[in-house]
Structures are given as structure tokens and as C-alpha cells.
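Asks:
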Amino acid sequence: METFAQWVQTYQSIIVVIIGVVGWITNHQLSLRAQNKNFLNQLHNTARIDITLKLREYQAFLILLSKFYSLLHETYKKKEIDFPSDIESYIRILQKRDDRWSLVMKEYQILILN
12 METFAQWVQT
22 YQSIIVVIIG
32 VVGWITNHQL
42 SLRAQNKNFL
52 NQLHNTARID
62 ITLKLREYQA
72 FLILLSKFYS
82 LLHETYKKKE
92 IDFPSDIESY
102 IRILQKRDDR
112 WSLVMKEYQI
122 LILN
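Heads up: the sequence shown runs through residues 12 to 125, numbered per the numbering used here.
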């Protein structure tokens, strides 16, 4: 009888250990999956914010360029041409051009899609 009782107790201990290990492995896998999903969510949010900011900056540049062209068109219609000054203004506007939005979008595309 003692041997059977010992045998049952041994197998109960083994079952408890197996359940504990399986529980730990399951918990670990779920934790890793949640961390990965959280990282991807943070990456998507950061990408959205960065790309939106860069696009708005580029939009502001295009608006400035459009205003300059409109002003230039009105000036030429009135025949008040100051070509060197106009060219300098145009060059200053073009120097403000920022195409980083395209690079930022490509970087995030590489990160997210790979």
C-alpha cells in the first residue's frame, strides 16, 4: 500500500510540475505576443504622426510657392517687373523645400512591411 501511495504522490507532483511549466510557457508566449503587438502599435502611431507632420510642412511649402506664383503673375500682368528680386525670392522659397516626408514614409514602409 505504501508503494502505491508513494507512486500516486510522485505522479501528482510530476503533474503539478508539468502544469506549472505549461502555464509558464503559455504565459511567456502570450506576453511576447502582447509586447510585439504593442511595439507595432507604437510604431504605427509614431509613423502616422511623423508622416502627417512632414506632409503638412510640405503642404505649407506648396502654399508658399503658390502664393509666390500668384504674386509673380499679378506683378507681370501689371508690368512691374523686378526680375533679379523675383528670382532671389523664388530661390529663397525653393531653399525652404523639405522632401523629408517622402524619406520618412519610405523608412516606415520598410519597418512596417518587413
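C-beta atoms are modelled at their ideal positions from N, C-alpha and C, and glycine is treated no differently.
1. The alpha helix (DSSP H) spanning Arg111 covers which residue range?
2. Straight-line CA distance for Ile8 to Leu43?
3. Are three or more beta carbon pairs between the segment 29-36 and the segment 64-79 nearer than 8 Å?
4. Report yes or no: do the segment 46-64 and the segment 108-123 share at least 3 C-beta pairs separated by less than 8 Å?
5. Suppose you measure from the CA of Asp110 to the CA of Phe50; what does that come to, to the nearest Å?
6. Closest to Met116 by C-alpha separation, out of Leu64, His84, Gln106, would be which residue?
Replies: If we stick to the structure as given:
1. 111-124
2. Beyond the ends of the chain as shown, which are 12 and 125, falls residue 8; an answer cannot be given.
3. no
4. yes
5. 27 Å
6. Leu64
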